[in-house]
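Student: Next up is a structure, given as structure tokens.
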Amino acid sequence: GIVRIPLRKHKSMREALREKGIELPYQDPALKYQPDEFSSS
Amino acid sequence: DYMYINNYADYWNTPQSFQVLFDTGSANLWVDSIYCSTQACNAHTKFNPQQSSTYSANGHTFYLPYGAGSLYGTFGYDTVNVGSIVINHQEIGLSTNEPGQNFVVAKFDGILGLSYPSISAGGETPVMDNMISQNLLSANIFAFYLSRGGQQGSVLSFGGMDTNLYQGQIYWTPVTSESYWQIGVHGFEINGRETGWCSQGCQSIVDTGTSALTAPSQLIGHIMQAIGAQESHYGMYMVDCSQLNNLPTLSFVISGVALPLAPSAYINQHYQNGHQFCSVGITPTYLPSRNGQPLWIFGDVFLREYYSIYDRTNNRLGFASA
């Protein structure tokens with residue numbers, strides 16, 4: 001009764017952008033959970 | 042003598058396949074679509090609703106900010122097949138605008154959120170809720186095993202937990218807010234000594250869509266001091282790689298049980314130009330949880346060490362050594 005889905009790990013978007021020479025500024029990871037504050041910021 | 046029904050193929054579409062990020066930190070399902078032509082959308086496989094006889098639009102639009110990347114889109118319904126589980130009339134978001142560079146480098150074409158429906162944008166019914174209401178699972182549970190090394194080996198299980206992927210006992214803790222997979226953290230230890238930093242209560246959101254372990258900003262300085270880490274550029278904290286064996290074990294006390302993280306779990310080793318660098322996989326969060334308590338995020342750094350089981354029937358989370 002268990003359905004197993006194999007997952008593949010990739011670099012985070014931040015890491016992938018860094019390798020392209022683009023450094024994202026710090027952004028609070030918790031903004032993801034407070035979309036209203038994210039929109040206003 | 043015989044009449045064959047031979048036109049069944051007229052009503053059959055080639056399935057459209059997408060790579061999605063399975064994210065316990067959000068609730069919506071969306072994929073890139075032909076309605077979007079930004080650089081980020083053009084870098085991915087796009088859903089074409091005109092090539093699906095089972096698709097229907099509902100006309101509602103949405104905006105989804107993830108912090109790292111955001112998008113605009115429109116909702117519709119279609120049949121969704123996830124690992125051979127077929128969900129009928131699943132609401133899906135079709136991107137219409139993915140601004141910026143963030144999603145350009147993403148290896149996924151969309152995100153499949155596994156949180157509770159209360160935080161779903163547009164009131165979209167999450168995939169897991171449709172799996173439950175359509176009785177598609179033998180148990181209303183899913184579980185993540187995140188491999189420690191390499192691209193391969195990680196597994197998401199629907200309908201139960203895989204006893205081959207964890208060792209020892211499962212420690213259960215109740216969900217404190219049926220929105221995210223949020224739990225209470227009742228203590229925080231460094232090398233087995235209780236710090237008291239969560240004595241008034243802390244919360245943690247268990248999020249497979251976040252890479253790091255994040256700590257409340259008021260604690261980050263104390264934690265880095267205990268680790269002996271120095272702040273580097275771009276807010277990263279670095280340690281001397283030769284000292285890895287001397288770094289402390291950090292433990293979270295959850296429902297009376299201490300879950301340790303060894304240095305090997307929270308230190309990332311990088312190699313560049315023949316040099317080894319060691320960064321701390323812990324970053325600060327400045328926003329508190331919705332009940333005002335300090336907020337941690339148990340991202341992949343934590344989840345590689347602990348098999349995590351998400352139980353919707355009992356609204357509880359289980360952890361066992363991976």
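Keeping their order, the protein sequence lines are chains H and D.
So in the working numbering, spot 18 of the first sequence is number 18, and the numbers just go up one at a time.
So in the working numbering, spot 248 of the second sequence is number 289, and the numbers just go up one at a time.
Every residue gets a Cβ at the ideal spot worked out from N, C-alpha and C, and that includes glycine.
Answer yes or no: do D/T86 and D/G250 have a C-beta to C-beta separation smaller than 8 Å?
Tutor: No, Cβ-Cβ distance for D/T86 and D/G250 is not below 8 Å.
Student: For the alpha helix (DSSP H) that H/E15 lies in, which residues bound it at each end?
Tutor: Unbroken alpha helix (DSSP H) run through H/E15: 13 to 19.
Student: Specify the secondary structure class of D/L302 as computed by DSSP and reduced to three states.
Tutor: Here D/L302 sits in strand by DSSP.
Student: Relative to the C-alpha of H/R14, which candidate in D/I264, D/T354, D/Y275 has its C-alpha closest?
Tutor: Nearest option by C-alpha distance: D/Y275.
Student: Between the segment 162 to 171 of chain D and the segment 327 to 336 of chain D, do three or more beta carbon pairs fall short of 8 Å?
Tutor: Contact fails: fewer than three Cβ-Cβ distances are below 8 Å.
Student: Scan the segment 245 to 275 of chain D and note each continuous alpha helix (DSSP H) run of 4 residues or more that stays entirely inside, going in chain order.
Tutor: Within the segment 245 to 275 of chain D, the complete alpha helix (DSSP H) runs of at least 4 residues are 258 to 268.
Student: Starting from the C-beta of D/F183, find all residues in its chain whose C-beta is less than 6 Å away, skip the five residues before and the five after it, and write them out in chain order.
Tutor: Here the set comprises F199, Y351.
Student: Under the DSSP definition of a beta bridge, which residues are partnered with D/Y312?
Tutor: BP columns for D/Y312 point to D/Q317.
Student: Give me the DSSP bridge partner(s) of H/E46.
Tutor: Only positions 1 to 41 of chain H appear in this structure, which leaves residue 46 of chain H out of reach.
Student: Chain D partners of H/G1, CB-CB under 9 Å?
Tutor: Under the 9 Å cutoff, chain D gives L178, S179, A180, G200, G201.
Student: So, helix, strand or coil for H/I2, using DSSP?
Tutor: It is coil, neither helix nor strand.
Student: With burial defined as no fewer than 16 other Cβ atoms inside 10 Å of the residue's Cβ, what is the status of D/D42: buried or exposed?
Tutor: Unreliable placement is indicated for D/D42, whose pLDDT of 46 sits below 50; the coordinate value is still reported in the next sentence. Classification of D/D42: exposed, given that the 10 Å Cβ count is below 16.
Student: Does the distance from the CB of D/S292 to the CB of D/E230 come in under 8 Å?
Tutor: For D/S292 and D/E230, yes; Cβs fall inside 8 Å.
Student: Give the DSSP-derived three-state secondary structure of D/L155 in the structure shown.
Tutor: Residue state, collapsed to three classes: coil.
Student: What are the start and end residues of the alpha helix (DSSP H) that includes D/F343?
Tutor: Note, D/F343: alpha helix (DSSP H), 341 to 344.
Student: Would you kindly work out how many angstroms separate the C-alpha atoms of D/I261 and D/S273, rounded to a whole number?
Tutor: Computed Cα separation, rounded: 14 Å.
Student: For D/F63, which residues in chain H fall below 9 Å Cβ to Cβ?
Tutor: Simply I5, L7.
Student: So, with DSSP's three-state summary, where would you put H/Y33?
Tutor: Reduced to three states, the DSSP call for H/Y33 is helix.
Student: When you compare each of D/N99, D/S174, D/L70, D/A84 to D/A162 by their alpha carbons, which one comes out closest?
Tutor: That would be D/L70, whose Cα lies nearest to the Cα of D/A162.
Student: Please confirm if D/S252 has its CB atom under 8 Å from at least one CB of chain H.
Tutor: Chain H, which has a Cβ nearer than 8 Å to the Cβ of D/S252, makes this yes.
Student: What in chain H is Cβ-close to D/A147, meaning under 7 Å?
Tutor: Result: M13.
Student: Candidates D/C82, D/G191, D/F59: which alpha carbon is nearest D/G141's?
Tutor: Of the candidates D/C82, D/G191, D/F59, the one whose C-alpha sits nearest the C-alpha of D/G141 is D/C82.
Student: Determine, for D/S362, whether the minimum Cβ-Cβ distance to residues of chain H falls below 8 Å.
Tutor: No, no contact with chain H.
Student: Can you list the residues of chain H that D/L328 reaches, using a CB-CB cut of under 8 Å?
Tutor: Going along chain H in sequence order, the residues near D/L328 (Cβ under 8 Å) are D28, A30, L31, Y33, Q34, E37.
Student: With 8 Å as the threshold, decide whether the Cβ of D/L197 is near any Cβ in chain H.
Tutor: For D/L197, the answer is yes, since a Cβ of chain H falls inside 8 Å of its Cβ.
Student: How many Å lie between H/G1 and D/G201 at the Cα?
Tutor: Distance between the alpha carbons of H/G1 and D/G201: 7 Å.
Student: Around the Cβ of D/I295, are there at least 16 other Cβ atoms within 10 angstroms (buried) or fewer (exposed)?
Tutor: Under this definition D/I295 is a buried residue.
Student: Quick one: which chain H residues come within Cβ less than 9 Å of D/L260?
Tutor: Chain H residues near D/L260: none, gap ~14 Å exceeds 9 Å.
Student: Could you pull the start and end residues of the alpha helix (DSSP H) that D/I173 belongs to?
Tutor: Looking at the DSSP string, the run of the alpha helix (DSSP H) that includes D/I173 is 168 to 174.
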